[in-house]
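Everything below concerns the one structure shown next.
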DNA sequence: ACACAACCAGGTATTTTTACCTAGTTGCTG
DNA sequence: CAGCAACTAGGTAAAAATACCTGGTTGTGT
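This is the structure we're talking about:
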């Protein structure tokens with residue numbers, strides 16, 4: 001049985017080249033080409049011949065690759081997507097993985113690697129080169145280490161207490177009631193919090209609290 | 223030049239077996255063995271002959287592998303660590319990667335794979351098998367998918383735009399400037415956001431945005 | 001053509017937050 | 001004991017957010 005492939009790239013010549021290349025591989029066929037994200041989605045919608053794997057360029061007009069990827073994965077979770085990359089930044093690459101990309105292929109890769117990538121993704125849902133894996137690993141590690149650096153958070157217990165109540169969407173009066181304080185006192189704490197955390201307002205305080213893991217998103221009902 | 227290796231495992235026989243195995247590989251030597259995490263750290267401390275790579279069992283008495291790994295990476299960030307795993311759960315595996323593990327090796331792996339893993343880690347800082355990579359990928363993706371369930375968030379694009387700026391600690395006037403709107407309009411959006419998200423104030427909006435992954439903590443500077 | 005949702009923008013009034021002050025009490029430490 | 005940090009609490013004023021209104025425009029779908 002053939003592996004059905006679709007290609008989305010804004011450069012016609014590139015599309016045609018890849019198509020020709022894929023034709024030279026055994027048991028593969030290109031079912032359609034798209035020149036931007038919108039067209040890709042439309043073709044996936046209309047085509048009776050759904051692709052198994054899509055080769056997706058990230059930088060396209062109309063709708064870029066990342067947005068297209070997200071929508072694709074939402075509507076057709078079974079379709080595997082291999083990202084065609086020129087020279088993207090790490091955060092963008094991570095975003096595509098988080099959006100569900102199944103593989104990554106540099107645009108200057110060898111033809112053999114294209115074939116290998118497609119077959120691996122078809123078999124294992126998965127193909128990444130070593131540098132990519134290194135980036136992924138960094139991405140995994142990063143989250144745990146965002147803070148840790150400036151961690152001496154200086155906040156006193158009372159301040160942390162007030163901050164936690166702020167994060168529960170209480171205003172100063174309510175907090176004062178709860179802690180048996182004057183609202184002026186609470187305002188004082190609040191002010192110190194703004195200074196110490198270098199925040200501009202309540203939004204900043206909430207972000208600070210979450211970033212520094214003073215407590216967890218899940219514990220705050222909404 | 224030889225690759226210097228240390229082994230930490232609580233089973234003596236296993237240690238000796240691996241040591242023997244490694245002796246059979248070219249340009250490798252075992253510099254010491256430890257039977258638990260504490261001993262491993264002590265030996266790293268005292269030994270003049272620091273290992274390049276440590277083969278580390280996760281389940282050990284006294285101090286388990288994960289804790290040992292964390293301390294190791296803190297003190298000796300240059301030492302690479304390959305985890306020896308029997309049958310750990312995913313979350314534990316991810317924890318080791320976040321703690322800086324450079325590779326993962328199943329205890330029932332083929333001898334050739336041990337050699338390959340060591341050489342790859344020595345060369346690339348990095349060796350993971352396909353199933354491991356799959357787990358890593360899931361780990362990366364998971365975070366992005368916590369919500370999604372109740373996702374019909376009703377928020378219009380404009381509202382999301384305003385919300386994102388609120389989360390960047392902007393006030394209504396600043397948002398109005400940025401979006402070329404009247405501040406009254408922004409206030410209108412803001413009000414709708416409060417209603418739709420059932421929030422009481424800015425803190426609630428930020429929490430909502432984060433909970434529903436409208437964007438990521440990391441992307442919001444603080 | 002009509003309904004409807006999204007978007008925009010104004011008014012008025014109240015509440016809350018922010019900014020910038022002062023100052024007393026408590027408890028710990030050199 | 002002196003010094004300091006944490007906690008408390010007050011005043012005044014300006015800025016921002018909230019509550020509750022109104023009404024217009026635009027685009028989409030029926």
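Chains as they are written, first to last, in my numbering: chain U, 1 to 222; chain S, 223 to 444.
Positions of the beta carbon are idealized from the N, C-alpha and C atoms, including for glycine.
Check                                                                                                                       : Outcome
Beta-carbon gap between residue 412(S) and residue 386(S) smaller than 8 Å                                                  : no
Nonlocal neighbours in the same chain, by C-beta distance under 7 Å from residue 144(U), ignoring five residues either side : Per-residue confidence for residue 144(U) stands at a pLDDT of 49, beneath the threshold of 50, marking its modelled position as unreliable; no derived number is given.
Top-ranked residue by Cα proximity to residue 205(U), from 90(U), 36(U) and 169(U)                                          : 169(U)
Where the beta strand (DSSP E) containing residue 425(S) begins and where it ends                                           : That residue, residue 425(S), is in no beta strand (DSSP E); its alpha helix (DSSP H) goes 424 to 433.
Counted within 10 angstroms of its Cβ, other Cβ atoms place residue 258(S) as buried (16 or more) or exposed                : buried
Residue 170(U) (DSSP reduced to helix, strand or coil)                                                                      : coil
Delimiting residues of the alpha helix (DSSP H) encompassing residue 26(U)                                                  : Taken as a continuous stretch (DSSP letters only), residue 26(U) belongs to no alpha helix (DSSP H), as it is neither H nor E.
Residue 343(S) versus 302(S), 315(S), 357(S) and 378(S), residue with shortest Cα-Cα distance                               : 302(S)
Under 8 Å between C-beta atoms of residue 360(S) and residue 321(S)                                                         : no
Against chain U: residues of the stretch 394 to 411 of chain S by CB proximity under 9 Å                                    : none
Per-residue DSSP class, three states only, for residue 384(S)                                                               : helix
Any chain S beta carbon closer than 8 Å to residue 202(U)                                                                   : yes
Spatial distance of residue 83(U) from residue 113(U) (CA atoms)                                                            : 13 Å
Neighbourhood of residue 224(S) by C-beta, 7 Å cutoff - its chain only, sequence neighbours within 5 removed                : 249, 250 and 251
Counted within 10 angstroms of its Cβ, other Cβ atoms place residue 6(U) as buried (16 or more) or exposed                  : buried
Cβ shell of residue 288(S) (< 8 Å), same chain only, five flanking positions each side left out                             : 280, 314, 317, 318 and 321
Closest residue to residue 42(U) among 53(U), 102(U), 23(U) and 75(U) (Cα-Cα distance)                                      : 75(U)
Buried versus exposed call for residue 8(U) [16 or more other C-beta atoms within 10 Å across all chains shown]             : buried
For residue 303(S), the residue or residues it bridges with in DSSP                                                         : 276(S)
Identified DSSP bridge partners for residue 226(S)                                                                          : 251(S)
Residue from 104(U), 51(U), 135(U) and 18(U) whose Cα sits closest to the Cα of residue 4(U)                                : 51(U)
Where the alpha helix (DSSP H) containing residue 439(S) begins and where it ends                                           : Note, residue 439(S): premise wrong, no alpha helix (DSSP H); not H, not E.
Integer-rounded CB distance, given that residue 31(U) should sit under 8 Å from residue 47(U)                               : 7 Å
Option nearest residue 354(S) by Cα separation, candidates 307(S), 341(S), 389(S) and 439(S)                                : 307(S)
Span of the beta strand (DSSP E) around residue 262(S)                                                                      : First-last for residue 262(S): 259 to 268, but that is the alpha helix (DSSP H), not the beta strand (DSSP E).
Bridge partner(s) assigned by DSSP for residue 325(S)                                                                       : 304(S) and 349(S)
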